[in-house]
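Residue numbers for the sequence shown follow full-length UniProt numbering, so the first one is 1 and each next one is one higher.
Think of the CB as a built atom: it goes at the ideal place given N, C-alpha and C, for glycine as much as any other residue.
Working notes, beginning with the structure itself.
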Amino acid sequence: MLQANGLRKSFGDLEVLRSIDLTVRKGEVVVLIGPSGSGKTTVLRSLNGLETPDGGRLELLGGPALDFTGKVSKSERFALRNRSAMVFQQHNLFPHRTVLQNVIEGPVQVQKVPKAQAVAEAEALLERVGLLEKRDVYPFQLSGGQQQRVGIVRALALKPSLLLFDEPTSALDPELVGDVLTVIKELADEGWTMVVVTHELSFARAAADEVLFMDGGVIVERSDPRQMFTNPRHERTRQFLDRIL
Ligand code: ADP
């Protein structure tokens, strides 16, 4: 589904990504862990076309193969953006639009889906996450966990090939985390392809096909969750896990 090779990115003098290689197969769940500032968000933003790497190659199935050593056109970046959808740490919902209006915005405005169809699809998705009765309320009338579930529905409504989650539960009160993780786990079980940045190791254990540990802009270690959490190969991974376990 996704193949990235040698992605590099600097902000001024700060080298944030140093040659990132990443392969995600269809239906796979890849979890990205690592200390704050290690470059995890920048990886996600690069996969989503929100950030333009300075070097490397990136191909998302069905889209153009982008070579960042050369010039990447706006339309190529747009094609990349359209193939994935990101769920942010904060839900990023439009505050003055209802739940339903938030969900249909992308499909109707960007993808030109007929409104009646977009509404029907949005309602089906809201029902799935138990929020259909909230379709006409505004984001401030929802709990943090409900807002985040609407954020997930908004991403799903775009029918992306790849779902990207950037610490989707880290802004939530602890008692709201479970509901959101349950929804993400269900999507994983349904076969959605996803890359998830999270500190929720129990989620990683239950859902990940592969866990990547990033530090200092490189992927230090990659393995299945069992290996990663019980017997990490690298000292840096061990130290990080010791701190958060
Ligand atoms: P993580 O998600 O692992 O916490 P990030 O990818 O957010 O890491 O950030 C990696 C590093 O890049 C950090 O030092 C951060 O301050 C820096 N950084 C991220 N985005 C920008 C930006 N737009 N401009 C300057 N520095 C940035």
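- According to DSSP, residue pairing for residue 55 in a beta bridge involves 8.
- The beta-carbon distance between residue 61 and residue 84, rounded to whole angstroms, is 11 Å. This is too long to meet the 8 Å contact definition.
- Comparing C-alpha distances from residue 48 to each of 163, 33 and 193 shows the shortest one belongs to 163.
- Beyond the five residues adjoining it in sequence on each side, residue 108 comes within less than 6 Å, by CB distance, of 115 and 118 in the same chain, given in chain order.
- For residue 151 against residue 91, the beta-carbon gap comes to about 4 Å, under 8 Å, which counts as contact.
- If you compare the alpha carbons of 168, 145 and 125 with that of residue 159, the shortest gap goes to 125.
- Contact between residue 204 and residue 33 holds, with the beta-carbon distance rounding to 7 Å and staying under 8 Å.
- For residue 242, the enclosing alpha helix (DSSP H) covers residues 235 to 244.
- Counting other Cβ atoms within 10 Å of its Cβ, residue 82 reaches 16 or more and is therefore classed as buried.
- Annotation for residue 34 indicates a beta carbon within 8 Å of some heavy atom of the ligand ADP.
- A Cβ-Cβ distance of about 7 Å is found for the pair residue 168 and residue 89, placing them in contact under the 8 Å criterion.
- The DSSP-derived three-state label of residue 208 is coil.
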